[in-house]
Amino acid sequence: MSRSIRRWAAAPNPRVRTLGSGPLAPPRSCHRAAARAWRRASDSRPPIPKEKSAVTHVFGTDAVAVITGGASGIGAAAARRFAAAGMKLMLFDRDADGLRALADSLDGDVRTLAGDVASMADVERLRDAAFDAFGRVDLLMNNAAIGGRGDESWRGTDDWRRIIDINLWGVINGVHAFVPRMLAQARPAAVINTGSKQGITNPPGHPAYAVAKAGVRTLTEQLAHALREEPGSQVSAHLLVPGWTFTGMTAGAATEKPEGAWSAEQVVDLMIERVIAGDFYILCPDNAVSPALDAARIRWSAEDLAQNRPALSRWHADWKDRFEDFVSNA
């Protein structure tokens with residue numbers, strides 16, 4: 009094992025805690041192609057694609073998936089989708105009651121473990137529980153995250169620490185705990201880390217969240233490179249970047265999905281399609297933002313540095329009109 013991969017290693021912890029399983033109607037699915045996905049929604053649930061790919065089997069019948077943040081939102085949508093495909097699941101979340109309710113509604117072999125991704129000891133318990141129960145892990149989805157405040161760059165650190173502990177260190181802990189064991193399996197496997205557009209285009213207002221998600225992007229890019237260069241590695245890494253998604257974290261008091269938002273199920277279906285296609289970046293549009301607009305915003309943000317523009321020039325009074333012209337001509 010190379011030096012770069014040994015850095016992900018973590019010591020084992022034998023403590024295990026699991027719960028049960030049961031039936032649920034399968035989720036609604038969405039678009040099969042990203043370019044047209046944002047234009048219309050579909051109520052049909054297509055089967056998981058069967059194209060020939062080194063990672064196709066990680067979404068297949070009897071494949072084993074571990075999902076953090078699995079009690080709600082994108083994590084719960086992934087659990088429903090995977091269970092409907094006959095996959096075996098280990099779900100992890102701080103919300104023990106939510107985990108039990110979800111597990112009881114799903115068909116198949118579904119285990120749960122309550123804990124905090126910010127705790128390496130808890131994540132090691134998750135790893136040991138998954139390998140003890142199933143003998144392997146084909147898919148690790150580091151998805152747990154919180155919103156929180158952290159809305160000022162210089163006043164107070166409590167929210168900052170909690171957001172970064174969960175949203176960034178939670179992913180780091182998952183990588184360190186699982187990747188060495190997944191490499192040792194000597195079979196195709198995948199790690200999917202959930203990032204955010206806020207970690208790419210860096211809009212003002214929530215710096216702690218943006219900092220954490222920018223870190224997830226960098227971590228996942230570094231991980232993908234290290235895995236690609238690791239001799240004999242059959243593990244791939246992927247960055248999931250949802251758009252405006254209706255989840256428990258973003259919905260607040262709303263009970264109906266806003267027209268402009270995607271559902272969590274739509275995000276999961278695009279994720280599956282793009283991982284099987286071999287994509288690293290899984291940049292999700294939504295019903296309000298097209299792939300072309302996403303690309304223009306990303307290019308503008310990257311060029312702030314290259315062109316020595318003011319920080320976050322997209323929101324700068326002297327640059328707003330130029331940004332709008334750039335986007336309209338993109």
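Residue 9 is where the sequence shown starts when you use my numbering, and the numbers rise one by one after that. All residues carry an ideal CB built from backbone N, CA and C; glycine is no exception.
Query                                                                                                                                                                     : Result
Which runs of the beta strand (DSSP E), 3 residues or longer, sit entirely within the stretch 196–229?                                                                    : 197–202
By Cβ distance, which residues of its chain are closer than 6 Å to Phe142, with the 5 residues on each side in sequence left out?                                         : Val72, Lys96
DSSP three-state label for His324, please.                                                                                                                                : coil
Is the separation between the beta-carbon of Gly81 and that of Asp101 shorter than 7 Å?                                                                                   : no
How is the alpha helix (DSSP H) around His184 delimited, first residue to last?                                                                                           : 177–192
With DSSP as the reference, identify every bridge partner of Met2, one or two as the case may be.                                                                         : Absent from the structure is residue 2, since the part of the chain shown begins at 9 and ends at 338.
In this structure, does DSSP put Leu114 in helix, strand or coil?                                                                                                         : coil
Tell me the start and end of each unbroken alpha helix (DSSP H) in the stretch 242–285 that is at least 4 residues and wholly inside, in chain order.                     : 256–259, 272–284
Determine the DSSP secondary structure at Asp103, reduced to helix, strand or coil.                                                                                       : coil
Just confirm the distance between the C-beta atoms of Val276 and Ala245, as a whole number of angstroms; I'd bet it's less than 8 Å.                                      : Contact doesn't hold; Cβ gap of about 18 Å is too wide.
Using the three-state DSSP reduction, which class does Ile171 fall into: helix, strand or coil?                                                                           : helix
Could you give the DSSP three-state label for Ile290: helix, strand or coil?                                                                                              : strand
Give me whichever residues DSSP pairs with Ala300 in a beta bridge.                                                                                                       : Answer by DSSP bridge pairing: none, since Ala300 is not bridged.
Starting from the Cα of Ala84, find the closest Cα among Arg135, Gln274, Thr64 and give me that residue.                                                                  : Gln274
Quick one: Cα of Val224 to Cα of Thr165, how far?                                                                                                                         : 20 Å
Mapping the DSSP letters down to three states, classify Met95 as helix, strand or coil.                                                                                   : coil
Is the beta carbon of Thr228 sitting closer than 7 Å to the one on Leu248?                                                                                                : no
Going by DSSP, what residues sit across from Thr120 in a beta bridge?                                                                                                     : Leu99
Thinking C-beta only, is Asn210 closer than 7 Å to Ala218?                                                                                                                : yes
Can you say whether Ala87 is buried or exposed, counting buried as having 16 or more other CB atoms within 10 angstroms of its CB?                                        : buried
With a cut-off of 8 Å on the beta carbons, I'd call Leu231 and Val283 a contact; round off their distance for me.                                                         : Between Val283 and Leu231 the Cβ distance is about 15 Å, and since that is not below 8 Å, they are no contact.
Is Gly156 helix, strand or coil by DSSP?                                                                                                                                  : coil
Could you tell me if Thr253 is buried or exposed, where buried requires 16 or more neighbouring beta carbons within 10 angstroms of its beta carbon?                      : buried
Distance check for Asp312 and Ala194, CA to CA, integer angstroms please.                                                                                                 : 43 Å
Among residues of its own chain, excluding the 5 on either side of Thr69, which ones have a beta-carbon nearer than 8 Å to its beta-carbon?                               : Ala93, Gly94, Met95
If you reduce the DSSP assignment to three classes, tell me which class Gly83 lands in.                                                                                   : helix
Excluding the five sequence neighbours on either side, which residues of its own chain have a C-beta within less than 7 Å of the C-beta of Leu176, listed in chain order? : Ala220, Gly223, Val224
If you count every other CB in all the chains shown that lies within 10 Å of the CB of Ala325, and 16 or more means buried, which is it?                                  : exposed
Would Val187 and Val74 be called neighbours here (beta carbons separated by less than 7 Å)?                                                                               : no
Please classify Arg25 as buried or exposed, where buried requires at least 16 other C-beta atoms within 10 Å of its C-beta.                                               : Caution is warranted here: a pLDDT of 34 is assigned to Arg25, below 50, making its placement in the model unreliable, and no coordinate value can be reported.
Which residue comes first and which comes last in the alpha helix (DSSP H) that contains Glu238?                                                                          : Where Glu238 is concerned, there is no enclosing alpha helix (DSSP H), given that its DSSP letter is neither H nor E.
Closest to Val125 by CA distance: which of Pro293, Asn316, Ile171, Asp105 is it?                                                                                          : Ile171
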